[in-house]
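Trainee: Just dropping this structure here.
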Amino acid sequence: MQFFIDNFDILRDAFLQTLLLTVLSGVLALVLGVVLATMRVSPIPPLRGLATFYVETFRNTPLTVVFFFVIFGLPQIDTVVSFFTGAVIAVGMYTAAFVAEAVRSGINSVSPGQAEAARALGLGFGQSLREVVLPQAFRTVVPPLGSVFIAMAKNTSIAAGFSVSELSSTLPRLVNANAGDLLVVLLAVVIGYMIITVPMAYAVNRLERRVAILR
Amino acid sequence: MTSAATGEPLVELSGVNKWFGDLHVLQDVDLTIARGEVVVVIGPSGSGKSTLCRTINRLESIDQGRITIDGTPLPEEGKALAALRSDVGMVFQSFNLFAHKTILENVTLGPVKVRGKGKAEAEKRARELLDRVGVGHQADKVPAQLSGGQQQRVAIARALAMDPKVMLFDEPTSALDPEMINEVLEVMTSLARDGMTMVVVTHEMGFARRAANRVVFMDAGRIVESSDPETFFTAPTSDRAKDFLSKILNH
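In the order they appear, the protein sequences are chains V and P.
Position one of the first sequence corresponds to residue 1 (the UniProt record's numbering), numbered consecutively onward.
Position one of the second sequence corresponds to residue 1 (the UniProt record's numbering), numbered consecutively onward.
Right under this line is the structure:
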């Protein structure tokens, strides 16, 4: 208990960094992922190709490599970002590929007749997607998307290797200073992640049940 | 039934060809549909009749030929195509009501999003149309709560809400239980009587006799015969049509 009291400030600041990293990367991943999924089902071949290239590139590259690319690669083309911003970009862009795949599978699960009926009424591609296809795709996408975002929350820990003072980065320092309380230190960090991921899992569950009633 | 048609062409297909890979599904199809005319397209399965129906609002593209609606050639894609589709009502075999929206929302979506109508005005008109097809009291339910026949009548109301110039029916009763077929056919018959221009792909010969101005018989991607229902059913000229009729009318 004494450990928590002594190190509360460090843990709190690190937790808030992880939380902020998760929220910002999550927003980036969601927006970019939905845009990519839309591109992949669009009738315009270059857009489809571009989105497919993006998804395959990021899905098949280790996140650590993406971090290296953003933080050390971007300055090569005269774009310097802070470590924190770099971490948001790396995690967000990486996760967007997984979000895009989840959303695309949801879109494919909606019967083609739904989009046909929308087009037959005179709705454009964007309107059909927004009004008819995506709201239905969303129902099947909630569980896999939840898993993607929970994985993402944990993936933010890679930022520790790139000078971002988030939760995992406190481990070496706290372990060194409190060698006798090794398990307590680890427990503290795990609890920090669970404060983020457990409510996420709960929210996904709730959402899943709510949209299921609409069927 | 005597023709309500004015003789002025509304839908014109000329020299239409379409292939699915090696399969020549539409072969040199020429068809002119007059304003107010009710054309029933019949033929064996795989004859291309559904494909023909779906080319008229370009849910199927064509490889050769020309289709015009009210004098305007079908645009290839984009806003112009969407605008044209908004004037062509379509009723599908499997209803395709929007599963996540209420019956009322199904009918108001097009008028609000495509025509830019106000919500109140669109709802008022939607309720009138739902009453007309006999499902007014179901307005607040979702499609899954309705029977097939009710869903198909809603689908007709949804198409009518756009005030279409022509209505396409792609086997509208083929997915229905037998006891629900008549309620849908009755709505279609009353539409025909009111002078709606209609293209109906169907196996319902009774409807063809009762409501059609013209029967078009298709086989293997071609229009084999095109005549008024009386002539078609009593004195078909082609062997293929005679054969087809003998098979379906004998039992």
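The C-beta atom is built at its ideal place from N, Cα and C for all residues, glycine as well.
Remember, predicted model here, so these are calculated numbers, not experimental data.
1. Which of helix, strand or coil does DSSP assign to V114/P?
2. Between the Cα of S25/V and those of G86/V, Y54/V and A37/V, spot the shortest distance and give me the residue it belongs to.
3. How big is the Cα-Cα spacing for E116/V and V23/V?
4. Between which residues of its own chain and A157/P is the CB-CB distance below 8 Å, once the five residues before and five after are set aside?
5. For the candidate residues K165/P, P172/P and M162/P, whose alpha-carbon lies nearest to that of Q150/P?
6. Within 8 Å of any Cβ in chain V, is that where the Cβ of R153/P sits?
7. Whose C-alpha, out of F3/V, L21/V, I5/V and D6/V, is nearest the C-alpha of S168/V?
8. Along chain V, which residues have their Cβ under 7 Å away from the Cβ of A83/P?
9. Measure from the alpha carbon of V34/V to the alpha carbon of each residue in N155/V, V141/V, P43/V and Q2/V, then state which is nearest.
10. Can you list the residues of chain V that G110/P reaches, using a CB-CB cut of under 7 Å?
11. With a threshold of 8 Å between beta-carbons, can A99/P be considered close to chain V, or not?
12. Whose C-alpha, out of V114/P, G206/P and N17/P, is nearest the C-alpha of G221/P?
13. Are the beta-carbon atoms belonging to I71/V and F58/V less than 8 Å from one another?
14. If we ignore side chains and look at the alpha-carbon of each, how far apart do L129/V and G49/V end up?
15. With DSSP as the reference, label T156/V as helix, strand or coil.
16. Is F83/V helix, strand or coil by DSSP?
17. From the DSSP output, in three-state form, read off G65/P for me.
18. Determine, using beta carbons only, whether A155/P and V91/P come nearer to each other than 8 Å.
19. For the pair the segment 135 to 153 of chain V and the segment 109 to 126 of chain P, tell me if three or more CB-CB distances fall below 8 Å.
20. Leaving out five residues before and five after M194/V in sequence, what residues of the same chain have Cβ atoms less than 7 Å from its Cβ?
21. Pull up the distance between the alpha-carbon of S227/P and that of V201/P, whole angstroms please.
22. Answer yes or no: does any C-beta atom of chain P fall closer than 8 Å to that of A137/V?
23. Taking C-beta pairs closer than 7 Å, name the residues in chain P that G113/V reaches, listed in chain order.
24. Between V132/V and chain P, is there a C-beta pair that is closer than 8 Å?
25. Going by C-alpha to C-alpha distance, which of Q114/V, T18/V and G106/V sits closest to H100/P?
26. So if DSSP puts G71/P in a beta bridge, which residue, or which two residues, is it bridged to?
27. Using 8 Å as the threshold, is the segment 184 to 193 of chain V in touch with the segment 105 to 112 of chain V, meaning 3 or more CB pairs across them?
28. By the three-class DSSP mapping on this structure, what secondary structure does Q27/P have?
29. Decide if F20/P is buried, meaning its Cβ has at least 16 other Cβ atoms within 10 Å, or exposed.
30. Please report the residue range of the beta strand (DSSP E) in which K18/P lies.
31. Do F95/P and V132/V have their C-beta atoms within less than 8 Å of each other?
32. Quick one: what's got a C-beta closer than 6 Å to T2/P's C-beta in the same chain, skipping five residues either side?
33. For the alpha helix (DSSP H) holding F72/V, just list the boundary residues, first then last.
34. Can you tell me which of the three DSSP states E208/V falls into?
35. So does the segment 34 to 41 of chain P actually touch the segment 183 to 201 of chain P, counting three or more Cβ pairs closer than 8 Å?
36. Could you tell me whether the Cβ of E208/V comes closer than 8 Å to any Cβ of chain P?
Mentor: According to the data block:
1. In the second sequence, the residue the question calls residue 114/P occupies position 114. In this structure, V114/P counts as coil in the three-state DSSP scheme.
2. Stepping through the first sequence from its first residue, residue 25/V is reached at position 25. Comparing Cα-Cα distances from S25/V to each of G86/V, Y54/V and A37/V, the minimum goes to G86/V.
3. Reading the first sequence from its first residue, position 116 is the one you call residue 116/V. Reading the first sequence from its first residue, position 23 is the one you call residue 23/V. Distance between the alpha carbons of E116/V and V23/V is about 36 Å.
4. Here residue 157/P corresponds to residue number 157 of the second sequence, with the count starting at 1. Sequence-distant Cβ neighbours of A157/P in its own chain, meaning closer than 8 Å and more than five residues away, are V107, A126, L129, L130, R132, V133 and V135.
5. Within the second sequence, numbered from 1, the residue matching residue 150/P stands at position 150. The shortest Cα separation from Q150/P among K165/P, P172/P and M162/P belongs to P172/P.
6. If you number the second sequence from 1, residue 153/P lands on position 153. No, its Cβ sits nowhere closer than 8 Å to a Cβ of chain V.
7. Locating residue 168/V in the first sequence gives position 168, where the first residue counts as 1. That would be L21/V, whose Cα lies nearest to the Cα of S168/V.
8. Taking the second sequence and counting its residues from 1, one reaches residue 83/P at position 83. Annotation: Cβ neighbours of A83/P in chain V (cutoff 7 Å, chain order): G122.
9. By one-based count along the first sequence, residue 34/V stands at place 34. V141/V is the residue among N155/V, V141/V, P43/V and Q2/V whose C-alpha sits nearest the C-alpha of V34/V.
10. Stepping through the second sequence from its first residue, residue 110/P is reached at position 110. For G110/P, the chain V residues whose Cβ falls inside 7 Å of its Cβ are L121 and G122, in order along the chain.
11. Your numbering for residue 99/P matches position 99 in the second sequence. Cβ-Cβ to chain V under 8 Å: yes for A99/P.
12. To locate residue 221/P, count along the second sequence from 1; it is residue 221. Ranking V114/P, G206/P and N17/P by Cα distance to G221/P puts N17/P first.
13. As a first step, residue 71/V is located in the first sequence; it is residue number 71 there, counting from the start. As a first step, residue 58/V is located in the first sequence; it is residue number 58 there, counting from the start. The Cβ atoms of I71/V and F58/V lie no closer than 8 Å to each other.
14. In the first sequence, the residue the question calls residue 129/V occupies position 129. In the first sequence, the residue the question calls residue 49/V occupies position 49. Roughly 19 Å between the two C-alpha positions.
15. What you label residue 156/V is simply residue 156 of the first sequence in a count that begins at 1. T156/V falls in the helix class under three-state DSSP.
16. Locating residue 83/V in the first sequence gives position 83, counting from the first residue. Annotated three-state conformation of F83/V is helix, per DSSP.
17. Working through the second sequence from its first residue, we reach residue 65/P at position 65. In the three-state scheme derived from DSSP, where H, G and I count as helix and E and B as strand, G65/P is classed as strand.
18. Here residue 155/P is taken as the residue at index 155 of the second sequence, counted from 1. Here residue 91/P is taken as the residue at index 91 of the second sequence, counted from 1. In contact: A155/P and V91/P (Cβ atoms closer than 8 Å).
19. Judged by Cβ distances under 8 Å, the segment 135 to 153 of chain V makes no contact with the segment 109 to 126 of chain P, as fewer than three pairs qualify.
20. Indexing the first sequence from 1 puts residue 194/V at position 194. Here the set comprises nothing.
21. Taking the second sequence and counting its residues from 1, the one referred to as residue 227/P is at position 227. Taking the second sequence and counting its residues from 1, the one referred to as residue 201/P is at position 201. Their Cα atoms are separated by approximately 15 Å.
22. By one-based count along the first sequence, residue 137/V stands at place 137. For A137/V, the answer is no, since every Cβ of chain P falls outside 8 Å of its Cβ.
23. As a position in the first sequence, residue 113/V is number 113, starting the count at 1. Within chain P, the residues near G113/V are F92, S94 and N96.
24. Along the first sequence, read from residue 1 onward, the residue named residue 132/V stands at position 132. It does; some Cβ of chain P falls within 8 Å.
25. Here residue 100/P is taken as the residue at index 100 of the second sequence, counted from 1. If we check each option's Cα against that of H100/P, Q114/V comes out closest.
26. For the purposes of this step, residue 71/P is identified with residue 71 of the second sequence, where counting begins at 1. Within the DSSP secondary-structure output, G71/P pairs in no beta bridge.
27. Contact between the segment 184 to 193 of chain V and the segment 105 to 112 of chain V is absent, with fewer than three C-beta pairs closer than 8 Å.
28. Here residue 27/P refers to the residue found at position 27 of the second sequence. Residue state, collapsed to three classes: strand.
29. Here the question's residue 20/P lines up with position 20 in the second sequence. A residue is called buried once 16 or more other Cβ atoms fall within 10 Å of its Cβ, and F20/P, having fewer, is exposed.
30. Here residue 18/P corresponds to residue number 18 of the second sequence, with the count starting at 1. Segment P9 to F20, the beta strand (DSSP E) holding K18/P.
31. On the second sequence, residue 95/P is found 95 positions in, with the first residue counted as 1. On the first sequence, residue 132/V is found 132 positions in, with the first residue counted as 1. Going by C-beta atoms, F95/P is not nearer than 8 Å to V132/V.
32. The sequence position of residue 2/P within the second sequence is 2, counting from 1. In this predicted model, T2/P has a pLDDT of only 44, less than 50, meaning its place in the structure is not dependable enough to derive any value.
33. Locating residue 72/V in the first sequence gives position 72, counting from the first residue. In the DSSP assignment, F72/V falls outside any alpha helix (DSSP H), carrying neither H nor E.
34. Taking the first residue of the first sequence as position 1, residue 208/V is located at position 208. Reduced to three states, the DSSP call for E208/V is helix.
35. In short, these stretches touch, since the Cβ pair count reaches three.
36. Reading the first sequence from its first residue, position 208 is the one you call residue 208/V. Not closer than 8 Å to any Cβ of chain P, the Cβ of E208/V fails to qualify, so no.
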